[in-house]
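Taking it in order: structure first as structure tokens, then the write-up.
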Amino acid sequence: MSRRGVCRQLAGWMMASPLAAQLDLPYSGERAPALEELVNVFEFEPICRLRLPRQNYDYIAGGVDAEWSLRNNRGAFDKITFRPRMLVNASNLDLSLELFGTKLSFPVLIAPTAGHILATPEGEFATARAAASMETVMILSTNSSQPYEKVAETTKFPKWFQLYPGPDMETTWERVQRAKESGFTALVLTVDAGYNSHRERLLRNRVQAQVPAGVRSPQTERRRRVREEEAPEVDRPKMYGLSTTLMHKLDWVFFEELKKRWGGPLLVKGILAGEDGALAVQHGADGVIVSNHGARYLDYAPATIDALPEVVSAVGGKIPVLVDSGFRRGTDILKALALGATAVCVGRPPLWGLGAYGEAGCKRVLELMRTELALAMGLCGKATLKEIDRTVIKM
Ligand SMILES: Cc1cc2nc3c(=O)[nH]c(=O)nc-3n(C[C@H](O)[C@H](O)[C@H](O)COP(=O)(O)O)c2cc1C
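Residue numbers (the numbering used here): 1127 to 1521.
Here's what the structure looks like:
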């Protein structure tokens, strides 16, 4: 029997076990629910949890420290309600939008996440196909488990590339060049991960908190060499027992150099303060992503739905503002659009889909989000994204 067959049989067995009941799955019986039976995005998570090795699941699901921001990313949505309008003709629903020359069927992109082989054997190839089939953009992580070039050519639908600078400048520029030559249409610079955070679930599992097990890391050797050769006489982060990435030394001067070398649309990911949104515009960013990295770096970073209004206001409509961290429902997305977001990115939901049902699961997660958004828009009396404004919500 194939590996996948074994996994499926094991999952079926586990679904029939008392463990399934403990996880509060609304399904009973002797089998795992069929994909079509799942009614919302949350339901993919426990199935993913049953199917993946514990450390893979914990790597995906976990946040930093005591996970306050992880909980608050969700809790913050509860403070916002809608002001639906009635007797408007909202029959001509159209969720599509254009971003940097690409038409997306709905305003949800796949956020960059590392190591998709932790969720499914095909890794990022499966994600790329799911995204393309839903006509939306996948943002490929620097820490992809599959080669950038091969993921880029998996489908014709445009994809973006996410950049973590490091371990040295030479490797950083090489990555940018590879992304350019592979045909990625926009670059996303992640700026919130200069210091490696403490993911306590992983530390308890005795897994190195930042490097997912099983993910190939072609730069590992180089990273070690760079650390040895370039260790400054007094390495203050080390003195405090901290581990860092190249990002902790970089500033807007680097950003401008990157903009010159990349030459295409460049977004900054990880913005949470209005001042940084304004600086992004000033330094020539083509877009910002309001993000707390899915609550994986700084605990007590604000929920992004709370941080969004000040960034939108500082950016002043000059460039698109995207947002991620905690988005699971169509209503979450509508709230962000009402607060001025151009689109939303999702990190864990596609991984839950992949972990639970492979490519089909990833696609279904996106479909559910699209359907829920369409429904929420229709019920609020808004047929198109352009019609959505602050009057849609109450907070
Ligand atoms: C398993 C996992 C791996 C991630 N890897 C990256 C990464 O390589 N680069 C990056 O910029 N963000 C990474 N992120 C953060 C996501 O891009 C995104 O900001 C976050 O997942 C959004 O929150 P959500 O998971 O609640 O949707 C990762 C998130 C998760 C859950």
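Virtual Cβ for every residue (Gly too), placed ideally from N, Cα, C.
Remember, it's a predicted structure, so these values are computed and weren't measured experimentally.
1. Is the closest heavy atom of ligand 1 to the C-beta of I1186 under 6 Å?
2. N1418 to G1452, Cα distance in whole Å?
3. Determine whether the beta carbon atoms of V1491 and V1165 lie at a separation below 7 Å.
4. Could you check what DSSP says for M1495 in three-state terms: helix, strand or coil?
5. Measuring only the C-alpha atoms, how far is L1465 from M1365?
6. Please identify the residue among N1322, I1243, L1196 and R1387 whose C-alpha is closest to the C-alpha of G1367.
7. Report back the beta-carbon spacing between L1178 and A1245 to the nearest angstrom; my notes put them in contact at under 8 Å.
8. Taking the beta strand (DSSP E) that F1232 falls in, what are its first and last residues?
9. Taking the beta carbon of T1497 as the centre, do at least 16 other beta carbons fall within 10 Å, making it buried, or is it exposed?
10. Confirm, please, whether the CB-CB distance from A1240 to N1269 is below 7 Å.
11. Kindly give me the distance between the Cβ atoms of E1261 and L1230, rounded to whole angstroms, as I take these residues to be in contact under 8 Å.
12. Would you check if there are 3 or more beta carbon pairs closer than 8 Å linking the segment 1427 to 1441 to the segment 1169 to 1178?
13. Which first and last residues belong to the alpha helix (DSSP H) in which T1253 is found?
14. For S1271 versus H1242, is the C-beta distance shorter than 7 Å?
15. By DSSP, does F1453 sit in helix, in strand, or in coil?
16. Applying the criterion that 16 or more other CB atoms from any shown protein chain within 10 Å of the CB defines a buried residue, is G1443 buried or exposed?
17. Thinking C-alpha only, which one of D1294, V1277 and Q1408 is nearest M1373?
18. Tell me the rounded alpha-carbon separation between E1493 and V1472.
19. Taking any heavy atom of ligand 1 as the mark, which residues have a C-beta closer than 5 Å to it, listed down the chain?
20. Less than 8 Å between the CB atoms is what I'm expecting for T1228 and P1476, so what's the real figure, rounded?
21. Looking at C-alpha atoms only, which residue of G1309, D1432 and R1455 is the closest neighbour of I1397?
22. Expressed to the nearest angstrom, what Euclidean distance is found between the alpha-carbon atoms of N1215 and E1382?
23. My understanding is that R1422 touches V1190, with C-beta atoms under 8 Å, so please give their C-beta distance in whole angstroms.
24. Which word fits G1484, buried or exposed, when buried means at least 16 other C-beta atoms lie within 10 angstroms of its C-beta?
25. Measuring straight from C-alpha to C-alpha, what distance separates R1454 and E1359?
26. Which first and last residues belong to the beta strand (DSSP E) in which F1287 is found?
27. If we count the other Cβ atoms within 10 Å of its Cβ and call it buried at 16 or more, is A1160 buried or exposed?
28. For P1391 and A1158, I'd like the C-alpha separation in whole angstroms.
29. Given L1457, which residues of its chain have a CB within under 6 Å of its CB, disregarding the five upstream and five downstream residues?
30. Among Q1181, K1375, A1257 and P1210, whose alpha-carbon lies nearest the alpha-carbon of L1329?
31. DSSP puts V1470 in a beta bridge; with which residues?
32. Taking just the CA atoms, how far does R1209 sit from P1291?
33. Assuming L1223 contacts A1469 under a Cβ cut-off of 8 Å, what Cβ separation, rounded to an integer in Å, is found between them?
34. Hey, how far is the Cα of I1514 from the Cα of F1232?
35. Out of L1393, A1256 and E1193, which has the shortest C-alpha to C-alpha gap to G1479?
If we stick to the structure as given:
1. As a working note, residue 1186 is residue 60 in the sequence shown. Yes, since a heavy atom of ligand 1 falls inside the 6 Å radius drawn around the Cβ of I1186.
2. The count along the sequence shown starts at 1 and reaches residue 1418 at position 292. The count along the sequence shown starts at 1 and reaches residue 1452 at position 326. About 9 Å.
3. As a working mapping, residue 1491 is identified with position 365 in the sequence shown. As a working mapping, residue 1165 is identified with position 39 in the sequence shown. In this structure, V1165 does not lie closer than 7 Å to V1491 by Cβ.
4. Taking the sequence shown and counting its residues from 1, one reaches residue 1495 at position 369. Assignment of M1495 by DSSP, reduced to helix, strand and coil, places it in the helix class.
5. As a working note, residue 1465 is residue 339 in the sequence shown. As a working note, residue 1365 is residue 239 in the sequence shown. Between L1465 and M1365, the alpha-carbon positions lie close to 42 Å from each other.
6. What you label residue 1367 is simply residue 241 of the sequence shown in a count that begins at 1. The option with the nearest alpha carbon to G1367 is N1322.
7. Here residue 1178 is taken as the residue at index 52 of the sequence shown, counted from 1. Here residue 1245 is taken as the residue at index 119 of the sequence shown, counted from 1. Correct: roughly 7 Å between the Cβ atoms.
8. In the sequence shown, the residue the question calls residue 1232 occupies position 106. In the DSSP annotation of this structure, F1232 is not part of any beta strand (DSSP E), being labelled neither H nor E.
9. On the sequence shown, position 371 is the one that residue 1497 refers to. Counting of Cβ neighbours within 10 angstroms places T1497 among the exposed residues, the total staying below 16.
10. The residue you call residue 1269 lines up with position 143 of the sequence shown. The residue you call residue 1240 lines up with position 114 of the sequence shown. Cβ atoms of N1269 and A1240: closer than 7 Å.
11. Taking the first residue of the sequence shown as position 1, residue 1261 is located at position 135. Taking the first residue of the sequence shown as position 1, residue 1230 is located at position 104. Rounded to whole angstroms, the Cβ separation of E1261 and L1230 is 6 Å, and the two are in contact under 8 Å.
12. Contact between the segment 1427 to 1441 and the segment 1169 to 1178 is absent, because fewer than three Cβ pairs lie under 8 Å.
13. One-based indexing of the sequence shown puts residue 1253 at position 127. According to the DSSP assignment, T1253 belongs to the alpha helix (DSSP H) that extends over E1250 to S1259.
14. On the sequence shown, residue 1271 is found 145 positions in, with the first residue counted as 1. On the sequence shown, residue 1242 is found 116 positions in, with the first residue counted as 1. Yes, they are a contact pair.
15. Here residue 1453 corresponds to residue number 327 of the sequence shown, with the count starting at 1. DSSP places F1453 in coil when its eight states are reduced to three.
16. Within the sequence shown, numbered from 1, the residue matching residue 1443 stands at position 317. Result: exposed.
17. Translated into the one-based positions of the sequence shown, residue 1373 becomes position 247. With distances taken between CA atoms, M1373 lies nearest to D1294 out of D1294, V1277 and Q1408.
18. Start at 1 with the first residue of the sequence shown, and residue 1493 comes out as number 367. Start at 1 with the first residue of the sequence shown, and residue 1472 comes out as number 346. The alpha-carbon separation between E1493 and V1472 amounts to approximately 13 Å.
19. The answer, residue by residue, is I1186, A1237, P1238, T1239, A1240, S1267, N1269, Q1288, T1316, S1417, H1419, G1420, D1450, S1451, G1452, V1472, G1473 and R1474.
20. The residue you call residue 1228 lines up with position 102 of the sequence shown. The residue you call residue 1476 lines up with position 350 of the sequence shown. No, T1228 and P1476 are not in contact; Cβ-Cβ is about 18 Å, not under 8 Å.
21. What you label residue 1397 is simply residue 271 of the sequence shown in a count that begins at 1. Distances from the alpha-carbon of I1397 to those of G1309, D1432 and R1455 put D1432 closest.
22. The count along the sequence shown starts at 1 and reaches residue 1215 at position 89. The count along the sequence shown starts at 1 and reaches residue 1382 at position 256. Taking the straight line joining both Cα atoms gives about 46 Å.
23. If you number the sequence shown from 1, residue 1422 lands on position 296. If you number the sequence shown from 1, residue 1190 lands on position 64. Yes, R1422 and V1190 are in contact; Cβ-Cβ is about 6 Å, under 8 Å.
24. Residue numbering aside, residue 1484 sits at position 358 when the sequence shown is read from its first letter. Label assigned to G1484: buried.
25. Here residue 1454 refers to the residue found at position 328 of the sequence shown. Here residue 1359 refers to the residue found at position 233 of the sequence shown. The C-alpha of E1359 is placed about 46 Å away from the C-alpha of R1454.
26. In the sequence shown, the residue the question calls residue 1287 occupies position 161. Counting along the chain, F1287 sits inside the beta strand (DSSP E) bounded by residues W1286 to L1289.
27. Against the sequence shown, residue 1160 aligns to sequence position 34. Per the 10 Å Cβ criterion, exposed.
28. Within the sequence shown, the letter at position 265 stands for residue 1391. Within the sequence shown, the letter at position 32 stands for residue 1158. Distance between the alpha carbons of P1391 and A1158 is about 43 Å.
29. Translated into positions along the sequence shown, residue 1457 becomes position 331. Contrary to the premise, residue 1457 reads as Thr rather than Leu in this sequence. Contacts found: A1502.
30. Along the sequence shown, one-based indexing puts residue 1329 at 203. Among Q1181, K1375, A1257 and P1210, the Cα nearest to that of L1329 is on Q1181.
31. Taking the sequence shown and counting its residues from 1, one reaches residue 1470 at position 344. BP columns for V1470 point to V1234 and V1449.
32. Start at 1 with the first residue of the sequence shown, and residue 1291 comes out as number 165. Start at 1 with the first residue of the sequence shown, and residue 1209 comes out as number 83. C-alpha separation (whole angstroms): 43 Å.
33. In the sequence shown, residue 1223 corresponds to position 97, counting from 1. In the sequence shown, residue 1469 corresponds to position 343, counting from 1. Taking C-beta atoms under 8 Å as the contact rule, L1223 and A1469 qualify, at a distance of about 7 Å.
34. Position 388 of the sequence shown, counted from the start, is the residue given in the question as residue 1514. Position 106 of the sequence shown, counted from the start, is the residue given in the question as residue 1232. I1514 and F1232 have their C-alpha atoms roughly 14 Å apart.
35. Counting from 1 along the sequence shown, the entry for residue 1479 is found at position 353. Taking each of L1393, A1256 and E1193 in turn and checking the Cα distance to G1479, the smallest one comes out for A1256.
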